[in-house]
Structures are given as C-alpha cells and as structure tokens.
Amino acid sequence: MHDQHPVLTDEKKKELLHTFRQSLEDVPDSHRFTDTLLLQFLVGRSWDVDAAKKQFVMSYNWRKDNHVDRLPCATRQNKLPLLVNVRGYDAIDDGNVESKPGLSQTAIRIANCMGGDCFHKVDREGHPIMIDRTGYHDAKKLCHEVSIDEISIFQTASNEFLNRVIMPECSQKAGRIIFKETVIFDCTHMGIRQFQMTALHYLKSVIDTIQNYYPETLHRLFIVNAPGILHTIWRIVKPWLEQRTADKVFILNHAETPKVLLKYIAPENLPRFLGGSCTCDHIEGGCVPSVMLGNVPPLKVTEYNDNVSTPYNTDVMQAALEDNLYRNPT
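Per full-length UniProt numbering, the very first residue in the sequence shown carries number 1; after that it's consecutive.
(1) Within this structure, are the beta carbons of residue 84 and residue 123 separated by less than 8 Å?
(2) Among the candidates 87, 29 and 98, whose CA atom is the shortest distance from the CA of residue 64?
(3) Out of curiosity, what's the CA-to-CA distance linking residue 24 and residue 58?
(4) State the DSSP-derived secondary structure class of residue 187, mapped to helix, strand or coil.
(5) How about residue 151 and residue 202: do their beta carbons lie closer than 8 Å?
(6) Can you list, in chain order, the stretches of the alpha helix (DSSP H) that have 4 or more residues and sit fully within the stretch 40 to 95?
(7) Going by C-alpha distance, which of 186, 208 and 233 is nearest residue 224?
(8) From the DSSP output, which residues share a beta bridge with residue 130?
(9) Whose C-beta lies closer than 7 Å to the C-beta of residue 188 among residues of the same chain, with five residues either side of it excluded?
(10) Could you pull the DSSP bridge partners for residue 271 from this structure?
(11) Taking DSSP as the reference, what is the three-state secondary structure of residue 249?
(12) Is there contact here, the stretch 76 to 93 with the stretch 38 to 48, by at least three beta-carbon pairs under 8 Å?
(13) Have a look at 154, 327, 272 and 248 and flag the residue whose alpha-carbon is nearest the alpha-carbon of residue 258.
(14) Using C-beta distances below 6 Å, list every residue in its chain close to residue 352, excluding the 5 sequence neighbours before and after it, in chain order.
(15) Decide if residue 218 is buried, meaning its Cβ has at least 16 other Cβ atoms within 10 Å, or exposed.
(16) Using the Cα positions of residue 298 and residue 98, report the straight-line distance between them to the nearest angstrom.
(17) Do you know offhand how far residue 144's Cα is from residue 311's?
(18) With DSSP as the reference, label residue 137 as helix, strand or coil.
(19) Per DSSP, residue 218 forms a beta bridge with which residues?
(20) Return the CA-CA distance between residue 21 and residue 43, expressed in angstroms with no decimal places.
(21) What residue from 325, 27 and 38 has the CA that sits closest to residue 61's CA?
(22) Which same chain residues, not among the five before or five after residue 2, have their C-beta less than 6 Å away from its C-beta?
(23) For residue 133 and residue 256, what's the separation of their Cα atoms in angstroms?
(24) If you draw a straight line from the alpha carbon of residue 178 to that of residue 290, how long is it in whole angstroms?
(25) Determine the direct distance from the alpha carbon of residue 279 to that of residue 314, and round the result to whole angstroms.
(26) Measure the alpha-carbon distance for residue 294 versus residue 92 and round it to whole angstroms.
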C-alpha cells in the first residue's frame, strides 16, 4: 500500500480499500479476493471506488464467461508443453516452446511467426522479465495465419502462466508480493513491415486485454534499440495506453540501451545482446530462442497437435476444467 499519491494518506487508502471490499460483497466468492488484487484495480482507477468496482466486475465476469481460471498452465508436475520460452526460475524447468503432444496448431503458428520471446530471470527488484525480440516478428504472416481471437486467448493463457507459476516464486524470493513484470521490447531489425494496420489492430487487442483485465501488472516497459520510425508509431499507440501505463515506458536508442537496462537489471540476468553477461548457453536458443534468427528450428505440426483456436489441444482444455493438476490455481 505504498502507491504514491499526491493527496491520499495511507489511512485514507486503507479506508478506500475497505469501502471497495464492502462494495463487492454481492460478488460470488468475494472473501477470496486479496488486498493485492483489489489494490490493482483501485490504483488503476486512481482510487475511484465506483470506477474500480465497475472494472473489477467486468473483469470478474470476463474470467467467468471465458473460464479463464480454468485455463491450462504448464508446471513441472503436469508436464504440459510451454507456450512461452522460460529461463531462470525454480518453479518451472528452463525450456523452449516445442511442438509436443498437447500443443495446438494455433500455438505452433504463433511461435513460428514470432521473433522470439522469453520469461528470463528477474530485475533488481525481483520482478520477472519478459524479453520480446519485437524487431524480428513476421507481423504480416502472423496476421494472415492467426486471428485476433486466437491471439487474445493465447495472450490470456500466457498471462495466467506468469501469474500462477512465476509470480508466486518471485514473491517468495523477494519476501513481498510481486504482481508486476518488467518487459523489454528489442526493436533491433525493426522495419515498417511490423506496423501494417492489421498488425496494429492485433497490438491494440493485446493492450486492451491487459489494461481491462490485468490492471497494474506492468512495472516497466523498455523499448530498446529503437529506430527512428518507432517515434512515429508511438504517436499512434500512446493514446491507446492509460496515462499510468504510458508513464512506465522508456524508449531507448542503441547507445542508451545497455546503460539504462543495467541500472534496473543485474548483468548476469540480462542477455549479452542487450548489454548484460548472460548467454544461457546450457540450452538451445540461448537467452531468447528465435525461429526467425535461426537459433532454434521452426516448429512442425504433427498428428498430436489439434487444429483448434485454443493454445492447447481440446482434451487438455477439457481436462483443465475439472482437474487442478492442469491449471496450478493460486
């Protein structure tokens, strides 16, 4: 409850949190809502209880209608294939996205269009880091082969993996509750091809999902190795962001990138290509596996990968509706 606010005292914030909790008593299972969860909505709506309640109820209904709490989630116990590459956590083995049984063809198509992304260790404050090789995405191919709805479901499932598997470990190690991530968009090799209008619509869909249903989960966003064209695109994208989110964005050119990133991330946790010392040479693909860069091979569809819109095969999705083993609830 240390959010900076120019007017409200800590005592007033506690009072507003209590009022907010009382306003949700008619929502099923309201006793299970943690203070941390409620604060995400209160802070996101600038401590306006009515606005926070409206967004919270919208999010609650969205999660219920879309069975979000019952989405599958890869763990060491269930051995489900990863949706996102992972490096540096105890709760889940380091691994790459691979076309193993259970992974859908949609997830494979997404992986083959991406420039490379990875949950990679933590920043100096203990927040998990997501590194995205944005400049290598094949946006045209992605928009042709994957629908906005499929991207939305995939993004939601990835968020749930982060929240259910990685965040609890980060919280335990930090000795405090961690619910935000640090994100790095590496724009090396970026060109106009990433910013065709259809691709921007896809980007807006992802932004809307996160802002509407996962408020206050971004710690910082570093857009690094930014080319000149990015400033033009930023003028389009910035109005889609809430001001609190936009204030967390750092746009850095090639010369600025290493110095700024190392201020917030220890060198052993930052890939060498971003100015750190980490190489993750114990695993194929290094720190951030990338089909586009060729450090991992393209994923191939097999008879064990269903052609469905969900990130996992139908039998896995159905099993997760009934069995906690498949979803690792928090």
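C-beta atoms are modelled at their ideal positions from N, C-alpha and C, and glycine is treated no differently.
This is what the structure gives:
(1) Contact: no.
(2) The shortest C-alpha to C-alpha distance from residue 64 to any of 87, 29 and 98 is the one to 29.
(3) Distance from the CA atom of residue 24 to the CA atom of residue 58, rounded to whole angstroms, is 12 Å.
(4) DSSP, read as helix, strand or coil, puts residue 187 in coil.
(5) By the CB criterion at 8 Å, residue 151 and residue 202 fall inside the cutoff.
(6) Within the stretch 40 to 95, the complete alpha helix (DSSP H) runs of at least 4 residues are 49 to 65.
(7) Answer by Cα proximity: 186.
(8) Paired residues: 119 and 183.
(9) Cβ within range, chain order: 135 and 225.
(10) Bridge partners of residue 271: 278.
(11) Three-state result, residue 249: strand.
(12) In short, these stretches do not touch, since the Cβ pair count stays below three.
(13) If you compare the alpha carbons of 154, 327, 272 and 248 with that of residue 258, the shortest gap goes to 272.
(14) Outside the shown range of the chain, which is 1 to 330, sits residue 352, and nothing can be said about it.
(15) The residue in question, residue 218, is buried, as its Cβ has 16 or more Cβ neighbours within 10 Å.
(16) When rounded, the distance between both Cα atoms is 9 Å.
(17) For residue 144 and residue 311, the distance between alpha carbons rounds to 17 Å.
(18) Three-state DSSP puts residue 137 in coil, outside helix and strand.
(19) According to DSSP, residue 218 bridges with 181.
(20) Computed Cα separation, rounded: 14 Å.
(21) That would be 27, whose Cα lies nearest to the Cα of residue 61.
(22) For residue 2, the pLDDT reaches just 48, beneath the cut-off of 50, and the residue's location in the model is therefore unreliable, although a value from the coordinates is still provided. So no residue of the chain qualifies.
(23) A straight line joining the alpha-carbon of residue 133 with that of residue 256 spans about 17 Å.
(24) Going from the Cα of residue 178 to the Cα of residue 290 covers about 28 Å.
(25) When rounded, the distance between both Cα atoms is 36 Å.
(26) Rounded to the nearest angstrom, the two C-alpha atoms are 25 Å apart.
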